[in-house]
Amino acid sequence: MKNTLEDLEITDNIKFMIKYCDVYLDYCHDENLSIDGNIAGEIVDSLNEMEDYLEKATEELTIEDFNVLYDNINNIHESLLTINDIKLFNTIHIVYSKVIKETMEIIVKQLE
Numbered sequence: 612m613k614n615t616l617e618d619l620e621i622t623d624n625i626k627f628m629i630k631y632c633d634v635y636l637d638y639c640h641d642e643n644l645s646i647d648g649n650i651a652g653e654i655v656d657s658l659n660e661m662e663d664y665l666e667k668a669t670e671e672l673t674i675e676d677f678n679v680l681y682d683n684i685n686n687i688h689e690s691l692l693t694i695n696d697i698k699l700f701n702t703i704h705i706v707y708s709k710v711i712k713e714t715m716e717i718i719v720k721q722l723e
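For reference, each letter of the sequence shown is one residue, going 612 to 723 in this note's numbering.
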């Protein structure tokens, strides 16, 4: 069974998710777009945890680790769905959602 992020080949997906959120939040800030502070905080917290997992991409993860990672990805996805009112990001958001869903499916297989 594959137990590392590198084995599962999802490190690039996670890096993409993190970069997308960074760009999205920076854009919102730069354009003075209103985002609920709680939602933005949840996204940042989840991003920080995902970055921690990237640092140990070659280490074996436990079922609990995969659950936490899944929850973080899901939290980000749900949060972005609630604030996705920026037309510039609509097309990119479709791609982002596809990457999220594929990554979550890989993680779910690890949990079975």
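Built from N, CA and C at the ideal position, the CB exists for glycine as well.
Being a predicted model, the structure only gives us computed values, none of them experimental.
With respect to the 8 Å criterion, Asn683 and Glu660 are classified as neighbours on the basis of their beta carbons. Per the coordinates, the alpha-carbon of Asn624 lies some 9 Å from the alpha-carbon of Tyr707. Non-local C-beta neighbours of Ile621 in its own chain, meaning closer than 8 Å and more than five positions away in sequence, comprise Thr714, Ile717 and Ile718, ordered along the chain. Here the alpha carbons of Thr615 and Leu672 stand approximately 6 Å from one another.
Taking all protein chains shown into account, Tyr638 has fewer than 16 neighbouring C-beta atoms within 10 Å of its C-beta and is therefore exposed. In the DSSP assignment, Asp676 falls within the unbroken alpha helix (DSSP H) covering Ile674 to Ile694.
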